[in-house]
Every structure is written in structure tokens, then in C-alpha cells.
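Numbers 17 to 256, taken from the numbering used here, label the letters of the sequence shown in order. Glycine included, every Cβ here is placed at the ideal spot set by N, Cα and C. Because the structure is a prediction, the values reported are computed rather than measured.
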Amino acid sequence: MTDPYTIAHSNYRFDLPADFNFGFDVIDARAKETPGRIAYIAVDRTGEDIRPVTYADLAGASNRFANVLHSLDAAKGDFALVIMERIPAWFETLIGCMKVGVVAMPGTTLLTAKDIRYRINKTRARFVVVSSDHADKVEEIRADCPSLEHLIIVTNARNGWIHYESACASQPAEIAPHQLEPTQADEMMLAYFTSGTTADPKLVPRDHSYAKAHEITGRFWLDLNDNDVHWTLSDTGWAK
């Protein structure tokens, strides 16, 4: 008798339309189909504050940030450096960027001011979105980054910066895809950088199909199903 894994593997097909946006076609689609289903569980450092976040929550929050970007005249292909700890705003920011077509550059919390300057200037990034612990590093190199236009800070407000929470609260939780330039499955969605151990860090682009392709990771490597909870220990900004 063939086991369920072998059957699923042999029957699996990876179908992806040319017009594809992970934020709209996966996250928002899930929010419409099963709005109350849990997308992830946020746990604070103490382990005491445990908050389930539904797909409806995630769709709405990422739409608010997408609207913030749209209000700042963000265009498809713009770059945004994103540095923050494992907090809900991390997911909201990345998905909001995807929806608008802004290429998010996930950065680890270990990046120095020099590292940040290199990444911003390499991509001519217009946006940075960081938690308050990393704002000083951005301020240190701000004058050296002529492309940088908008500084967005998460958690604690700061003079000269857009406060993430306040800006998102002022925006609607809905955004219509037709308001935005559509994205293609093969267009850049994320931009990682190598560690640069032997030379300058190299940009590693990932397109919209990259995120959808991790369905394969979940199904056949991690062997996850709809009733499982996956405990993620990896820090933000890293990719393998």
C-alpha cells in the first residue's frame, strides 16, 4: 500500500499564473476563504503574552502598511531595507511591500551602520523600516545615502521619522489590487545579501514565485498539514 506522502508527492503540481502577487493571491485569498484561521502565533520574550494572528488580521495589517507606502508614492521596483526583531510588524511590512511591488531587503539585527549604508546605496533604496533599536545606526549614515527618502520607525516614535503604528492606524485595512501596478511571478519580490565573508556582500534577488514555491518546503520537507503548528526559532533577516 502506497503511503500518503508518496501519493501527495506523485500527484503534486506547481501551478503559477504569470500575474502573481504573494500578498494578494495567497495571504488575502486565505483571509477571504478562512478569515478566522490562525496565520501565526506571536509570543513575546517573556512567553507570557501569546497572541494568535488570523489571516484576516494579517491581511488587514499588511494592507494598512501597503496604503502607507502608496501614500508615499512608492512605486513597483523601489527598494526598502527592513530591520526589526521577531515582532508582528515584520510580517506586516514584508507582505505590505509585496502588495505594492516594493522590494523588501530583509536585514539581520546584527547589521552595522556600515552594512546598512552599503545595502541602501547598492540598491538606491528609498525606504528604511526599522524597529527603534536600530534607528541610531540609520541616522549615523543617513547623510551618506542620497537615495533615502522615507524613514519609518516601529515601536517608539522619533523626530524626523514616520511612526509605523500611527501611520498604519490612519490608513484603511483594505486596498484594491487595481489601484496598484500588477506584479509578475518572475519579478523581484525580496532582495537578500550574502554575508560577504570573502568580498563585498552580493545581492540575491527572489521573485514572487519564490514565496509560493515554499509550499513545497512545507509539504514535503517539513511534512506539515493544516492542523500542525510550526515553531519557528530562526531570526529575522536570514535566508538559506
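Arginine 46 versus alanine 159: straight-line alpha-carbon distance, rounded: Answer to the nearest angstrom: the Cα atoms are 42 Å apart.
Determine the DSSP secondary structure at aspartate 223, reduced to helix, strand or coil. Here aspartate 223 sits in strand by DSSP.
Identify the residues that DSSP records as bridge partners of leucine 206: which are they? The secondary-structure analysis by DSSP pairs leucine 206 across a beta bridge with Ala120, Arg222.
Give a yes or no on whether the C-beta atoms belonging to proline 51 and alanine 82 are separated by under 8 Å. The criterion of a C-beta distance shorter than 8 Å is not satisfied by proline 51 and alanine 82.
Within this structure, are the beta carbons of methionine 114 and glycine 212 separated by less than 8 Å? No, they are not a contact pair.
Would the beta-carbon of threonine 214 be found less than 7 Å away from any heavy atom of the ligand SAH? Among the components of this structure there are no ligands whatsoever, and the ligand SAH is therefore not found.
Per-residue burial, leucine 127 [other beta carbons within 10 Å of its own, 16 or more giving buried]: Only buried fits leucine 127, as 16 or more other CB atoms lie within 10 angstroms of its CB.
Answer with buried or exposed for asparagine 175, where buried requires no fewer than 16 other C-beta atoms within 10 angstroms of its C-beta. So asparagine 175 ends up on the exposed side.
In this structure, does DSSP put threonine 22 in helix, strand or coil? Threonine 22 falls in the helix class under three-state DSSP.
Buried or exposed for aspartate 19, please, with buried defined as at least 16 other CB atoms from any protein chain shown within 10 angstroms of its CB. Per the 10 Å Cβ criterion, exposed.
Segments of 3+ residues assigned as beta strand (DSSP E) that fall wholly inside the stretch 149-199: As far as the stretch 149-199 is concerned, its whole beta strand (DSSP E) runs of at least 3 residues are 166-170.
Inside the stretch 18-90 only - beta strand (DSSP E) runs reaching at least 3 residues: Runs found: 54-59, 66-70.
Going by the DSSP bridge assignment, what does serine 147 pair with across the sheet? Serine 147 is bridged to Val170.
Quick check on alanine 96: does DSSP put it in helix, strand or coil? In this structure, alanine 96 counts as strand in the three-state DSSP scheme.
Taking only beta-carbon atoms, is phenylalanine 38 less than 8 Å away from chain D? Going by chain labels, chain D is absent from the structure shown, which holds only one protein chain.
Where the alpha helix (DSSP H) through asparagine 137 begins and ends: Counting along the chain, the alpha helix (DSSP H) containing asparagine 137 begins and ends at 129-139.
Among the candidates Ile57, His25, Ala227, Leu196, whose CA atom is the shortest distance from the CA of histidine 246? Looking only at Ile57, His25, Ala227, Leu196, the smallest Cα-Cα distance to histidine 246 is reached by Ile57.
Put histidine 230 into one of helix, strand or coil per three-state DSSP. Note: histidine 230 maps to helix in three-state DSSP.
With H, G and I counted as helix, E and B as strand and the rest as coil, what does DSSP make of isoleucine 111? Isoleucine 111: helix per DSSP, three-state reduction.
Could you give the distance in angstroms between the alpha-carbon of aspartate 244 and the alpha-carbon of phenylalanine 236? In a straight line, the C-alpha of aspartate 244 is about 14 Å away from that of phenylalanine 236.
Can you list, in chain order, the residues of its chain whose CB lies under 6 Å from that of glutamine 187, leaving out five sequence neighbours each side? Arg80, Asn83, Val84.
Nearest by alpha-carbon distance to glycine 117: which of Ser26, Thr210, Gln195, Leu219 is it? Among Ser26, Thr210, Gln195, Leu219, the Cα nearest to that of glycine 117 belongs to Gln195.
Out of Lys130, Met121, Gln200, Gly112, state which residue places its alpha-carbon closest to the alpha-carbon of proline 221. Considering only alpha carbons, the answer is Met121.
So, are the CB atoms of aspartate 223 and glutamate 197 less than 8 Å apart? The answer is no: Cβ separation not under 8 Å.
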